[in-house]
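Per this note's numbering, the sequence shown runs over residues 3 to 582.
All residues carry an ideal CB built from backbone N, CA and C; glycine is no exception.
Below is one structure, written out as structure tokens; the observations come after it.
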Amino acid sequence: MNRLLNNIRLRNKMLLVYFLCVFTPMIVTNLLFYDMMTDNVRDRRMKDIDRAVEQIKNDFRSQVDDAVGLSSFFYSDYTTNEILDRDYTDVADYIEAYDNYLRRVMNSYSPVTLSMQSIMIYVANPTLLHSGNIGLLSDNIKEEEWYTRGAAIARSQPVFMRTKTADGGFISFSLIRRLDYFSDRMSKEKMLKIDFKTIDLKEIFANLNMQGEMYLVNPSGQIEYTTKSGVHWDAPVLPIYTSYRSNHSIEFVKTFTNVSYLKGWKIIGTIDEGEVVKEVRKSRDLILWSGCIMIVIPTVIILIITRSINLRVVQILKHMKKVKTQNFESINEEESRDEIGQLTLEFNRMTLQIKTLIDDVYVADIQKKSLELDRRMAQLNALQSQINPHFLFNALETIRMRSVLKHESETAKIIHNMAKLFRSSLAWNKDKVTVKEELDFINCFLEIQKYRFEDKLVYEIDVEPEAYACKLPKMMFLPFVENASIHGIEPLKYGGRIQIRIVRSGEDLVFTVRDNGIGMNEEQVNKLYSYMDMNETLGDSIGIQNVIYRARMIYGDSFTFEVDSHRGQGTFIRLRIPSI
């Protein structure tokens with residue numbers, strides 16, 4: 003990732019930072035905010051319209067319920083039914099009964115009757131005076147549609163309907179109810195007809211919160227009333243609601259549940275989708291304008307700042323390229339106090355100093371150093387020709403071959419091991435080796451020591467198979483084996499033993515070496531531990547101290563070193579490094 007970024011120009015990096023950290027998050031945030039706000043505004047608008055339609059439904063039902071309540075009184079009031087069912091020989095008797103009771107009843111319901119256009123009780127009783135809300139249930143009345151429908155309804159059930167003229171013209175909306183509660187004791191047929199004020203219904207449906215069209219639809223799907231202009235809801239033939247439905251409108255349908263006298267009737271509100279999204283468009287415009295302002299202003303500011311940085315950095319870069327061609331031209335720019343201004347000032351000072359040094363010192367010094375370098379190279383070549391390692395390797399190989407020809411195989415093997423160790427110790431171009439390669443060095447060394455000490459030295463090597471491929475710094479374990487052999491076993495007269503074990507423990511490689519030599523005192527052990535805390539470098543030796551420094555340099559705190567040794571009891575050393 004860093005390599006990729008290092009190959010991008012500074013101006014493009016700044017633009018990349020702007021687009022990734024400012025522009026894109028701002029766009030995404032505005033889009034998410036717009037989406038959430040649009041949904042919230044739309045949902046709120048839909049809920050407002052739904053509440054408005056529900057309010058219209060409730061107001062309409064309340065008005066009908068008032069009429070139903072009034073009809074229930076007349077339906078169950080025995081005195082009213084008895085007065086209307088009685089045969090009068092004298093009209094004065096009826097007038098007296100009407101004045102004493104019926105007129106008072108009608109006046110007591112005056113708040114309710116204010117919303118009614120008329121209340122009429124038609125009675126099949128010719129002895130009554132048919133006036134004052136009381137009418138004769140004649141044959142002509144019985145031929146009218148409202149009577150036919152009211153008479154067909156089950157006992158005690160009111161019915162809401164429209165009443166029409168003989169040619170089908172609209173008169174009013176009415177509630178019809180047959181007063182047959184006392185039919186087992188009274189013989190006169192009675193029919194209650196309550197007409198509603200059409201203007202009150204229009205006021206109910208003209209809800210200011212509902213900016214669409216309202217429909218009152220009967221169970222047959224016909225439009226009984228609507229606020230939509232151009233629809234003749236008061237015509238003899240009622241229009242069908244489905245013929246006025248639009249694919250671009252949203253419907254809000256409210257049905258009357260658990261209301262027998264309005265069963266199947268619906269209040270339907272329709273509103274154009276454009277009305278619903280009008281508020282959404284207002285919110286969208288607000289978001290778009292605010293988003294543009296929030297994008298444009300930071301963009302302009304960032305471009306100005308970016309241009310200021312980029313132009314000055316490019317100018318420094320151009321002058322640095324001129325320095326490469328020994329053109330030490332200073333940057334002519336007003337002094338500024340920011341980092342780029344300080345960089346410019348230091349660049350001018352540097353170019354001036356370089357030019358002075360080149361003119362006064364470097365030319366002569368370069369000539370002198372060139373001669374010195376040639377002299378040293380000549381000396382090095384001469385030294386290399388005198389001490390050429392290949393000469394020593396070839397000499398050892400010649401001795402080994404002569405030993406083989408003379409059947410001195412043991413001597414040949416030891417010389418071969420010595421040459422192998424010598425060659426490996428000088429070849430430092432390969433710093434990392436596998437455990438298997440390190441074991442080759444250890445085996446070579448132990449074979450030489452075995453040749454030297456004969457039966458005095460016995461060694462054991464135990465390596466887990468999965469540890470062979472792990473890599474470690476070259477000759478990291480060998481110095482500890484060498485130390486165990488030379489300083490631990492050599493002073494013994496006989497019975498020397500060295501045990502080597504290499505295993506993988508989790509993510510680490512663990513090397514242990516144990517000898518039964520003379521061991522170390524506490525001071526010597528502490529000296530080994532002190533190598534872990536020292537910071538000075540050591541040169542090219544490969545002793546224990548050098549191994550510890552190299553391990554600390556490569557592995558840091560992941561390298562651990564443990565020593566357990568006592569005089570006359572041998573030495574145990576454990577190294578733990580990360581396995582690779």
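Is residue i a contact residue of the ligand ADP, with contact defined as CB to any heavy atom under 6 angstroms?
i     : result
Tyr77 : As presented, the structure is devoid of all ligands, the ligand ADP included, so that no description of it is given.
Determine whether the Cβ of residue i lies closer than 7 angstroms to any Cβ atom of chain D.
i      : result
Val316 : The chain inventory of the structure shown lacks chain D, comprising one protein chain alone.
Is it buried or exposed, residue i, if we count other Cβ atoms within 10 angstroms and call 16 or more buried?
i      : result
Phe62  : buried
Cys23  : exposed
Met534 : exposed
Ile193 : Rather than Ile, the amino acid found at residue 193 in this sequence is Met. Buried: at least 16 other Cβ atoms inside 10 Å.
His321 : buried
Val161 : buried
Tyr80  : exposed
Glu468 : exposed
Glu462 : exposed
Lys59  : buried
Phe482 : buried
Ala486 : buried
Ala153 : exposed
Cys472 : buried
Ile295 : exposed
Leu359 : exposed
Arg151 : exposed
Tyr531 : exposed
Ala237 : exposed
Val55  : buried
Asn83  : buried
Thr573 : buried
How would you write the range of the alpha helix (DSSP H) that residue i sits in, first residue to last?
i      : result
Met28  : Thr26 to Ser78
Met477 : That residue, Met477, is in no alpha helix (DSSP H); it is neither H nor E in DSSP.
Asp442 : Val437 to Phe455
Tyr461 : It is not in any alpha helix (DSSP H) - Tyr461 instead sits in the beta strand (DSSP E) that spans Leu459 to Val465.
Thr228 : Where Thr228 is concerned, there is no enclosing alpha helix (DSSP H), although the beta strand (DSSP E) it sits in stretches over Ile225 to Thr228.
Gln526 : Glu524 to Ser532
Val239 : Unbroken run through Val239: none, as it is neither H nor E.
Gly170 : Taken as a continuous stretch (DSSP letters only), Gly170 belongs to no alpha helix (DSSP H), as it is neither H nor E.
Ile155 : Run containing Ile155: none; DSSP gives neither H nor E here.
Ala469 : From DSSP, Ala469 is part of no alpha helix (DSSP H); its letter is neither H nor E.
Ile342 : Glu341 to Leu359
What are the residues that DSSP puts in a beta bridge with residue i?
i      : result
Gly137 : Tyr124
Asp566 : Phe574
Asp517 : Ile500 and Thr573
Pro580 : Asp510
Val161 : Ile178
Leu194 : Ile123 and Arg179
Val255 : Ile270
Val505 : Val512
Met188 : Partner(s): none; Met188 has no beta bridge.
Met118 : Phe198
Lys324 : Lys324 pairs with nothing; no bridge assigned.
Lys434 : Pro475
Determine whether the beta carbon atoms of residue i and residue j lie at a separation below 7 angstroms.
i      : j      : result
Met122 : Gly137 : yes
Thr272 : Gly232 : no
Arg576 : Pro475 : no
Asp287 : Ser251 : no
Ile85  : Ala94  : no
Tyr496 : Lys458 : yes
Phe330 : Lys371 : no
Ser581 : Leu511 : yes
Ile460 : Arg503 : Sequence inspection shows Val at residue 460; the Ile mentioned does not correspond to that position. It is not a contact, given that the beta carbons lie outside the stated cut-off.
Tyr77  : Tyr183 : yes
Phe563 : Phe513 : no
Thr165 : Ser158 : no
Ser174 : Gln119 : yes
Ile289 : Tyr557 : no
Gly293 : Asn14  : no
Val437 : Tyr470 : yes
Tyr96  : Leu131 : yes
For the beta strand (DSSP E) containing residue i, list its first residue and its last residue.
i      : result
Tyr217 : Glu215 to Val219
Glu492 : Run containing Glu492: none; DSSP gives neither H nor E here.
| request: For the region 176-192 and the region 223-234, state whether three or more C-beta atom pairs, one from each stretch, are separated by less than 8 angstroms. | output: no
| request: Give a yes or no on contact between the region 480-499 and the region 514-534, applying the rule of three or more CB pairs nearer than 8 angstroms. | output: yes
| task | Spell out a yes or no on whether the region 259-270 and the region 51-66 are touching, meaning 3 or more CB-CB pairs, one atom from each, closer than 8 angstroms. | result | yes
| message | Within 8 angstroms, do at least three Cβ pairs link the region 243-257 to the region 194-208? | response | no
| Is it a yes or a no for the region 338-349 touching the region 309-329, going by three-plus beta-carbon pairs under 8 angstroms? | yes
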